[in-house]
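Accompanying notes for the structure given below.
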Amino acid sequence: MIEHVVVISGTLDLCLQGEWHSLQAGEGRRFAGDATHAYRNRGAQAAHFHSLIHYPKEKTASEPAARQDD
Numbered sequence: 009m010i011e012h013v014v015v016i017s018g019t020l021d022l023c024l025q026g027e028w029h030s031l032q033a034g035e036g037r038r039f040a041g042d043a044t045h046a047y048r049n050r051g052a053q054a055a056h057f058h059s060l061i062h063y064p065k066e067k068t069a070s071e072p073a074a075r076q077d078d
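Below is the structure:
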């Protein structure tokens with residue numbers, strides 16, 4: 009599982025592997041979504057962000073390879 013977080017407005021603190029990272033509007037992070045993580049807002053204004061969680065589909069031997077154009 010892969011999680012993508014992008015801050016839309018305000019400041020969002022994101023904890024990954026026990027370390028806090030401060031993200032401003034327009035900044036983002038990608039990380040393993042099944043790893044321990046946390047969010048917090050220490051500011052006086054609301055923090056708005058998008059969180060997209062992607063569950064990659066595992067390829068099987070019966071699936072065709074992705075087409076690659078020249």
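Quick note: the sequence shown, position 15, residue 23 per the working numbering, numbers continuous. Ideal Cβ placement from N, Cα and C applies to all residues, glycine included.
Span of the beta strand (DSSP E), counted from its first residue to its last, around residue i
i	result
residue 3	The requested residue 3 is not part of the displayed model; the chain covers only 9 to 78.
residue 50	First-last for residue 50: undefined, no H or E at that position.
residue 32	27–32
residue 66	Note, residue 66: premise wrong, no beta strand (DSSP E); not H, not E.
residue 19	19–24
Buried or exposed (CB count within 10 angstroms, at least 16 for buried), residue i
i	result
residue 55	buried
Residue i to residue j span [Cα, whole Å]
i	j	result
residue 46	residue 65	25 Å
residue 48	residue 22	7 Å
residue 14	residue 24	15 Å
residue 62	residue 41	9 Å
residue 19	residue 50	8 Å
residue 52	residue 16	16 Å
residue 9	residue 44	12 Å
Is it a yes or a no for the segment 58–68 touching the segment 23–34, going by three-plus beta-carbon pairs under 8 Å? no
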